[in-house]
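Q:
Residue numbers (full-length UniProt numbering): 1 to 329.
1) Near residue 181, what residues of its chain come up, given a Cβ to Cβ distance below 8 Å and the 5 sequence neighbours on each side ignored?
2) Kindly give me the distance between the Cβ atoms of residue 215 and residue 156, rounded to whole angstroms, as I take these residues to be in contact under 8 Å.
3) Between the alpha carbons of residue 133 and residue 242, how many angstroms are there, rounded?
4) Within the stretch 146-205, note down every full alpha helix (DSSP H) run reaching 4 residues or more, in order along the chain.
5) By the three-class DSSP mapping on this structure, what secondary structure does residue 275 have?
6) Helix, strand or coil, according to DSSP, for residue 42 in the structure here?
7) What residue range does the alpha helix (DSSP H) around residue 376 cover?
8) Which word fits residue 119, buried or exposed, when buried means at least 16 other C-beta atoms lie within 10 angstroms of its C-beta?
9) Rounded to the nearest angstrom, what separates residue 250 and residue 200 at their Cα positions?
10) For residue 282, is the classification buried or exposed, using 16 other Cβ atoms within 10 angstroms of its Cβ as the cut-off for buried?
11) Under 7 Å Cβ to Cβ from residue 14, same chain only, skipping five residues before and after it: list those, please.
12) Looking at the structure shown, is residue 297 part of a helix, part of a strand, or coil, going by DSSP?
13) Roughly how many angstroms separate the alpha carbons of residue 11 and residue 17, rounded to a whole number?
14) Just reading off the alpha helix (DSSP H) that residue 106 is part of, what are its end residues?
15) Who are the near neighbours of residue 59 in its chain, counting only those whose CB is closer than 6 Å to its CB and skipping five residues on each side?
16) Please decide whether residue 84 counts as near chain B, where near means a Cβ-Cβ distance under 7 Å.
17) Specify, as a first and last residue, the run of the alpha helix (DSSP H) that residue 10 falls within.
18) Roughly how many angstroms separate the alpha carbons of residue 177 and residue 95, rounded to a whole number?
19) From what residue to what residue does the alpha helix (DSSP H) around residue 59 run?
20) What residue from 129, 228 and 174 has the CA that sits closest to residue 274's CA?
21) Give the DSSP-derived three-state secondary structure of residue 50 in the structure shown.
22) Does residue 314 pass the burial test, meaning 16 or more other C-beta atoms within 10 Å, or should it be called exposed?
23) Out of curiosity, what's the CA-to-CA distance linking residue 56 and residue 203?
24) What residue from 90, 61 and 63 has the CA that sits closest to residue 74's CA?
25) Three-state secondary structure (DSSP) at residue 265?
26) So, with DSSP's three-state summary, where would you put residue 34?
27) Looking at the structure shown, is residue 379 part of a helix, part of a strand, or coil, going by DSSP?
28) Taking DSSP as the reference, what is the three-state secondary structure of residue 318?
29) Please report the distance separating the alpha-carbon of residue 71 from that of residue 51.
30) Roughly how many angstroms lie between the CA atoms of residue 270 and residue 285, to the nearest whole one?
31) Considering residue 94, what are the terminal residues of the alpha helix (DSSP H) in which it resides?
32) Who are the Cβ neighbours of residue 126 in its own chain at under 7 Å, not counting the five residues just before and after it?
33) Whole angstroms are fine: how far does the CA of residue 160 sit from the CA of residue 318?
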């Protein structure tokens, strides 16, 4: 199984391109508006530009709140205080706890401290610094958000679709491998390998679902982005079904291992469960045709006739065993 070591939307090259474009635009816009400190706008761009849209927007929001909060506090007292380490420490201590009292996020508290430091130092040397910091910060944040949303926006959809196709293909392969593994008697060593692979993949899919859901929601806030939101929502729904398939394999692996090791699995048992894995493998193809994963289609009775009356007892035993194992873990 192919390993994925980075989030689905992490694209360093694309972030660098967007950062370069946004810093250039924000610098020129800051100068156009008469800023005496135009570097503050691209500074905000560099700090705010993130792989995920919601991360960019949230950091821009925290920077705005922290900047305004810090400037208000410093402007009230900066003119009357001497510039030294003690007064700076007292200001940051006071500003940090006031921000905490207002229940601001840690990112916002960091921006409060940063703003206090810079405004306290530069406002005494330049009367324009505080105003420029707010104005240029807004310019930088706006440019960062707009560029991240509208420059190569289809990349988000393409990367999500590519990741989904890779995971669905891998799940199809896993069902095929499980079919052969069951026919071969469920080798416990191979079963342990499968479990480790499946655990990692389930974790990756959990993160992918979160990222796709957040990105789809963020696209909904911007004009001309509703189609991308709809596509990402569809990918999210299908990714949930793929995730269920991986979780299913993870849950049944231990049972198959124990059954195979007990030497009570008959050739008929192997054939029944091997064929069920083949059915799941065929059903995976429906997802690529924009259909649902028909997990319940053509589901045969997997218990021998003489054991049908015990199916509820068997189910309860399995659930109870899982509960006991969790308690003892």
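Glycine is no exception: its CB is placed at the ideal position from the N, C-alpha and C atoms.
As the structure is a prediction and not an experimental result, all values here were calculated from the model.
A: Reading it off the structure:
1) Along the chain shown, read from residue 1 onward, the residue named residue 181 stands at position 181. Cβ within range, chain order: 187, 190, 191, 194 and 256.
2) In the chain shown, the residue the question calls residue 215 occupies position 215. In the chain shown, the residue the question calls residue 156 occupies position 156. Indeed, because the Cβ distance is near 6 Å, the residues count as touching under 8 Å.
3) The residue you call residue 133 lines up with position 133 of the chain shown. The residue you call residue 242 lines up with position 242 of the chain shown. If you draw a straight line from the Cα of residue 133 to the Cα of residue 242, it is about 47 Å long.
4) Within the stretch 146-205, the alpha helix (DSSP H) runs of at least 4 residues that lie entirely inside it are, in chain order, 154-183.
5) As a position in the chain shown, residue 275 is number 275, starting the count at 1. Residue 275 falls in the helix class under three-state DSSP.
6) Taking the chain shown and counting its residues from 1, one reaches residue 42 at position 42. Residue 42 falls in the helix class under three-state DSSP.
7) Outside the modelled stretch of the chain, which goes from 1 to 329, sits residue 376, for which no answer is possible.
8) The sequence position of residue 119 within the chain shown is 119, counting from 1. Answer is buried; the Cβ neighbour count reaches 16.
9) As a position in the chain shown, residue 250 is number 250, starting the count at 1. As a position in the chain shown, residue 200 is number 200, starting the count at 1. If I take the Cα positions, the gap works out to 11 Å.
10) Within the chain shown, residue 282 is the residue found at index 282, counting from 1. Burial is judged here by how many other beta carbons sit within 10 angstroms of a residue's own beta carbon; residue 282 has fewer than 16 and is exposed.
11) Within the chain shown, the letter at position 14 stands for residue 14. Excluding positions up to five away in sequence, the list reads 152 and 155.
12) By 1-based counting over the chain shown, the position of residue 297 is 297. In this prediction, residue 297 has a pLDDT of 49, which is less than 50 and means its spatial position is unreliable; nothing more can be read from the coordinates.
13) Stepping through the chain shown from its first residue, residue 11 is reached at position 11. Stepping through the chain shown from its first residue, residue 17 is reached at position 17. Looking at the backbone, the Cα of residue 11 and that of residue 17 are separated by about 10 Å.
14) Within the chain shown, the letter at position 106 stands for residue 106. Looking at the DSSP string, the run of the alpha helix (DSSP H) that includes residue 106 is 106-122.
15) The residue you call residue 59 lines up with position 59 of the chain shown. Residues of the same chain with a CB within less than 6 Å of the CB of residue 59, apart from the 5 flanking positions on each side, are 48 in chain order.
16) In summary, chain B is missing from the structure at hand, where a single protein chain is found.
17) In the chain shown, the residue the question calls residue 10 occupies position 10. Membership of residue 10 in any alpha helix (DSSP H) is not indicated, and neither H nor E is assigned to it by DSSP.
18) Here residue 177 refers to the residue found at position 177 when the chain shown is read from its first residue. Here residue 95 refers to the residue found at position 95 when the chain shown is read from its first residue. Distance between the alpha carbons of residue 177 and residue 95 is about 60 Å.
19) Position 59 of the chain shown, counting from 1, holds the residue named residue 59. Run containing residue 59: 53-77, per the alpha helix (DSSP H) assignment.
20) The sequence position of residue 274 within the chain shown is 274, counting from 1. Selected option, being the one with the closest Cα: 174.
21) Counting from 1 along the chain shown, the entry for residue 50 is found at position 50. Looking at residue 50 - three-state DSSP - the assignment turns out to be coil, as it is neither helix nor strand.
22) Working through the chain shown from its first residue, we reach residue 314 at position 314. The residue is exposed, with fewer than 16 neighbouring Cβ atoms inside 10 Å.
23) By one-based count along the chain shown, residue 56 stands at place 56. By one-based count along the chain shown, residue 203 stands at place 203. Roughly 24 Å separates the two Cα atoms.
24) The count along the chain shown starts at 1 and reaches residue 74 at position 74. Ranking 90, 61 and 63 by Cα distance to residue 74 puts 90 first.
25) Looking up residue 265 in the chain shown gives position 265. Three-state DSSP puts residue 265 in coil, outside helix and strand.
26) Working through the chain shown from its first residue, we reach residue 34 at position 34. Residue 34: coil per DSSP, three-state reduction.
27) Nothing in the structure corresponds to residue 379, since the chain is present only between 1 and 329.
28) By one-based count along the chain shown, residue 318 stands at place 318. In the three-state scheme derived from DSSP, where H, G and I count as helix and E and B as strand, residue 318 is classed as helix.
29) Position 71 of the chain shown, counted from the first residue, corresponds to residue 71. Position 51 of the chain shown, counted from the first residue, corresponds to residue 51. About 29 Å.
30) Sequence index remark: in the chain shown, residue 270 carries index 270 (1-based). Sequence index remark: in the chain shown, residue 285 carries index 285 (1-based). Distance between residue 270 and residue 285, taken at the CA atoms: about 24 Å.
31) Here residue 94 corresponds to residue number 94 of the chain shown, with the count starting at 1. In the DSSP annotation of this structure, the continuous segment of the alpha helix (DSSP H) that includes residue 94 starts and ends at 85-101.
32) Residue 126 sits at position 126 when you count from the first residue of the chain shown. Around residue 126, the same chain offers 36 as residues with beta carbons nearer than 7 Å, after the five sequence neighbours per side are excluded.
33) Start at 1 with the first residue of the chain shown, and residue 318 comes out as number 318. Start at 1 with the first residue of the chain shown, and residue 160 comes out as number 160. One Cα belongs to residue 318, the other to residue 160, and the distance between them is close to 36 Å.
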